[in-house]
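When the letters of the sequence shown are read in order and numbered with mature numbering (1 follows the signal peptide of the UniProt record, and there is no 0), they come out as residues -23 to -1, 1 to 163.
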Amino acid sequence: MTSPHGRPRAAALVLVTAAAAMASVTTTAAAPAPASADTRQHCISDTGTGQERCFASFDEAIAAAEKETGRTLEEQERALDGSGASLRAAGAGLIIGTYFEHENFGGATFTLYGDDLCTGGDDTEFWFTFPDDWQNLISSAQPWATCALWLHSGPDGTGDRDGPYRENTNYVGDYMNDRAVSTTLG
C-alpha cells in the first residue's frame, strides 16, 4: 500500500525546508505545543500509552513513527505481504493507520502506531479515543498493517459507527465526516 502523500519530491522538499526554516525562526520551545484548530500539525500516537507528538510535516511524522516501530513502512508492508506470522510472534511495533483532517488525504494527519497487529477482520481488536483537538475532525483514512478501521461518534468505540475502511479511503462519507471521536481496529 502506498501512502497518498508519497515521499518528498524536489519541490515539496523545498517547501518543507522553507517552512521548517520559518518555523525555527518563530519557535522558541524545544517541544512542540499541542496543536490548536488553527495550527494543527501532523501527529503520531502510541496506541498503548497514548503519548502524542506532533511535527510540521507528514514525512517528519511518519519518520518518527518508523523510528518508534523500528522499521520503515516499506519494510513493514513487505513483512506483512506473507502471513505476518513473524511480526505477530515478535509482538512487533507497527504503524497502524493514518487519519486525515480533509478529504482526499489533505490537511493535518494523525497516525497511530503500537504493538497491536490487526487481522483485517470484522472483530474489534482494540480501540483508541482521539485527543480532544482531533475529535469531530476526520474526513479520510488510510489503514496500514492489515488493519480494518472503524470510526465512532463516541469515546472508546461507542456511538454511531461507520466502516470498515480496509483500503485508502479518500472520503469517509457524509455519515461520519467530521464526527469521529474514536476508532476501533480489527
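All residues carry an ideal CB built from backbone N, CA and C; glycine is no exception.
Exercise. To the nearest angstrom, how far is it from the Cα of W111 to the Cα of V158?
Worked result: 8 Å
Exercise. According to DSSP, is D151 helix, strand or coil?
Worked result: Note: D151 maps to coil in three-state DSSP.
Problem set entry | Where the alpha helix (DSSP H) containing E45 begins and where it ends | 35 to 46
Exercise. Going by the C-beta, is Q18 closer than 7 Å to any heavy atom of the ligand ATP?
Worked result: The ligand ATP is not part of the structure shown, which contains no ligands of any sort.
Exercise. Span of the beta strand (DSSP E) holding D23?
Worked result: D23 -> beta strand (DSSP E) spans 19 to 23.
For this session: Report yes or no: do three or more beta-carbon pairs, one from the region 140 to 154 and one from the region 70 to 84, lie closer than 8 Å?
Result: yes
For this session: Please state whether DSSP places S1 in a helix, a strand or coil.
Result: For S1, the predicted structure reports a pLDDT of 37, less than 50, and the residue's modelled location is therefore unreliable. The matter cannot be settled from this model.
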